[in-house]
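Structure first, commentary second.
Printed below as a string of structure tokens:
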């Protein structure tokens, strides 16, 4: 694409910021671009200093016209055949090919109209990977904000909006939409523009391959009163303009009854599902399904630590919700307050307790994430329609390029991540690893272990295994609570992931590790067989099934697998000695996760089913 | 046939040694029975391992708890690998642990 680009840099005073911005900009590849600095009525040394620069064109405005009108003046002055890139003067450019990548992204598809990029703060934290705004609050949110920069959001993806600190706008969009809406003095004009572009058939994309440093609010920094005033005015204008249209985008509403604020599999997956459903234009209203009178009687903290989840949690529940989904254990299905009742559950053994089946038979339909669960329910007497609704993985946090901290000694690291208990069969794994390898070999088993059972003395249990000091070396990360978004970094720091327990209801850690490109060894039984196969992992043979004897009362009377320790020892040694083959499986796993198993795909299935129910 | 004087002396010496060993064994059995009354089988095995030098993992710095501790992946792994490096430096690859 040979089309020219005009880079419009808006500046108002703060010559220190503008100078640094331009100095770093000049070191990058500006092939096919003209730099146009719009001096928005500066009263400091900015006009004189700009006049001294021979390599930029300067447009001097007689007074400060504000962010919107200032940028519009720049757009007007740009070459009418060029694309335009709007740039804040508080940016720093460290990536040489930022412009060429934005350009490629913009012109990759004709329907792409506006392109933004990742922004990081000067201290290195991620600031922005796209934006979203909810009609409940009209308070735009920057995705990924204040997270540690670990290479998240590295792919190109469609977003609702971007901040216009850096906005590549194609000429086609400028012709269709015009300049920025002058309803706004500053703030909200970026989201407004992206929504307008969408109404004209153009999508907004976040280019994951470009990262710029943004000092944020350079021109209003230190002027809190000014910022608040401008922000509030713009917010009101935005709400009046877009409120109804944003509310009208929802295609279906659902009462989502589940758990959000605990470190359990249901809670973690519920958080992801609610986010994904919102992105699929499903309006979820949340209700905590546990609490007093349920098998988990603890009250839930209303603060989720996540803006979108807090908003969803605060939505008023309709008196008679059309559709209610209980996503949790089957013995709380009875708390479903929907007129059309869906029960969504899973279990790690080959059947479901009679009470769960009884409650499930009072639902209008049942959802389970895997074929394994569906078969188990039918075997136990479920009479209602049952649908397989797989869970997913987030490829923005779990991908092969996520930042890793590998063992500098070059040891081959097998990693496992589990809660200590009978189902995970840790004794099998620790013994098998210790027996397979020698302490003289550069290999290690890293166990990230959680134990919340006060009756379990973990150190004692490990000592009782009488592991050989001359056997394979094992390290433990014990009861550490990592931010979930950083787990990809943990997985990428290892060479192979192990999930060799007796049964899984789904197995999110395994899926996440596979999405990170890790080869894996996983028991060939249970729900994760829906995504574990020879092409992407090493299925671990079982010797058969055995009674599921455990503290968990739900397992009584059912069976789970008996993984083959000899085959496990063989696979451990095989992966260690055939690393190219293992790496290839890991790559195939990552690709398959993105193609088939994302939360986006999970939400699409749910949204389609909810719409079918509604109509 | 009566033993010779030197043989008789030797027999006495051996009988005395046997008696002493029996006393030691009896004392040890009494100690073990006392331990058995107080310790479960798992702890008995552990005691045996420690006394016989077979305790394998260094878990001494590990605090038994059911509480979760917030942590960052980068810092945690850096600390872990530094520990691993020290461990390897003390017992390089190729040597018995």
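Chains as they are written, first to last, in the numbering used here: chain A, 29 to 643; chain B, 500 to 596.
Glycine is no exception: its CB is placed at the ideal position from the N, C-alpha and C atoms.
What you are looking at is a predicted structure, and each value in this text was computed from that prediction instead of being measured.
Query: With a threshold of 8 Å between beta-carbons, can residue 570 of chain B be considered close to chain A, or not?; Result: yes
Query: Just the C-alpha distance for residue 508 of chain A and residue 296 of chain A, rounded to the nearest angstrom, thanks.; Result: 16 Å
Query: Between residue 437 of chain A and chain B, is the shortest Cβ-Cβ distance under 8 Å, so that the two count as touching?; Result: yes
Query: 8 Å is my cut-off, CB to CB: does residue 509 of chain A come that close to chain B?; Result: yes
Query: If we ignore side chains and look at the alpha-carbon of each, how far apart do residue 405 of chain A and residue 356 of chain A end up?; Result: 15 Å
Query: Who are the neighbours of residue 346 of chain A on chain B, taking C-beta pairs under 8 Å?; Result: Near residue 346 of chain A there are no residues of chain B at all, since even the closest Cβ is about 36 Å away, more than 8 Å.
Query: With 9 Å as the limit, tell me which residues of the stretch 467–483 of chain A have their beta carbon closer than that to any beta carbon of chain B; keep them in chain order.; Result: 467, 468, 469, 470, 472, 474, 478, 479, 480, 481, 482
Query: If we ignore side chains and look at the alpha-carbon of each, how far apart do residue 458 of chain A and residue 529 of chain A end up?; Result: 12 Å
Query: Can you tell which of A:367, A:341, A:342 has the C-alpha that lies nearest to the C-alpha of residue 351 of chain A?; Result: A:367
Query: Since residue 103 of chain A is in the beta strand (DSSP E), which residue starts that stretch and which ends it?; Result: No beta strand (DSSP E) holds residue 103 of chain A; the alpha helix (DSSP H) holding it covers 94–105.
Query: Using a Cβ-Cβ cut-off of 8 Å, state whether residue 247 of chain A counts as contacting chain B.; Result: Legend: pLDDT at residue 247 of chain A = 48, less than 50; position of this residue unreliable, value from coordinates given subsequently. No, its Cβ sits nowhere closer than 8 Å to a Cβ of chain B.
Query: Helix or strand or just coil, what does DSSP make of residue 284 of chain A?; Result: strand
Query: Beta carbon of residue 178 of chain A, beta carbon of residue 514 of chain A: below 8 Å?; Result: yes
Query: Check residue 392 of chain A in the structure and name its three-state DSSP category.; Result: coil
Query: Taking only beta-carbon positions, decide if residue 503 of chain B is within less than 8 Å of chain A.; Result: no
Query: Do you know how far the Cα of residue 45 of chain A is from the Cα of residue 119 of chain A?; Result: 8 Å
Query: Keeping to the same chain, check which residues put their C-beta closer than 6 Å to that of residue 143 of chain A; ignore five residues upstream and five downstream.; Result: 130, 133, 134, 196, 233, 235
Query: Applying the 10 Å Cβ sphere with the 16-neighbour rule, what's the burial state of residue 83 of chain A?; Result: exposed
Query: When you compare only the Cα positions, how much space is there between residue 247 of chain A and residue 127 of chain A?; Result: Interpretation of residue 247 of chain A is limited by its pLDDT of 48, a score under 50 that renders its predicted location unreliable; the figure taken from the coordinates is listed afterwards. Rounded to the nearest angstrom, the two C-alpha atoms are 24 Å apart.
Query: According to DSSP, is residue 431 of chain A helix, strand or coil?; Result: coil
Query: Answer yes if the stretch 446–456 of chain A comes into contact with the stretch 477–484 of chain A, meaning at least three C-beta pairs across the two stretches below 8 Å, and no otherwise.; Result: yes
Query: For residue 559 of chain A, which option in A:425, A:420, A:322 has the closest C-alpha, if you only look at C-alpha atoms?; Result: A:420
Query: From which residue to which residue does the beta strand (DSSP E) around residue 156 of chain A run?; Result: 154–156
Query: Are residue 302 of chain A and residue 278 of chain A touching if we call contact CB-CB under 8 Å?; Result: no
Query: Contact defined as beta carbons within less than 8 Å: I believe residue 214 of chain A pairs with residue 94 of chain A. What is the distance between those atoms, to the nearest angstrom?; Result: 6 Å
Query: Counting only Cβ-Cβ distances shorter than 8 Å, please list the residues of the stretch 509–523 of chain B near chain A, keeping chain order.; Result: none
Query: Mind checking if residue 262 of chain A is an interface residue toward chain B, Cβ cutoff 8 Å exclusive?; Result: no
Query: By DSSP's criteria, residue 588 of chain A is part of a beta bridge. Which residues make up the other side?; Result: A:574
Query: Judging by CA-CA distance, which residue of A:227, A:370, A:204 is the nearest neighbour of residue 634 of chain A?; Result: A:370
Query: State whether the stretch 275–289 of chain A contacts the stretch 609–616 of chain A, with contact taken as three or more CB pairs (one from each stretch) at a distance under 8 Å.; Result: no
Query: Could you pull the DSSP bridge partners for residue 527 of chain A from this structure?; Result: A:550
Query: Given a cut-off of 8 Å on the beta-carbon distance, is the pair residue 541 of chain A and residue 519 of chain A in contact?; Result: yes
Query: Residue 317 of chain A by DSSP, collapsed to three states: which one?; Result: coil
Query: If you follow the alpha helix (DSSP H) that residue 297 of chain A is in, where does it begin and where does it stop?; Result: 293–307
Query: Find the residues of chain A that neighbour residue 587 of chain B, judging by a C-beta separation of less than 7 Å, and give them in chain order.; Result: 437
Query: So, using beta-carbon positions, are residue 273 of chain A and residue 140 of chain A closer together than 8 Å?; Result: no
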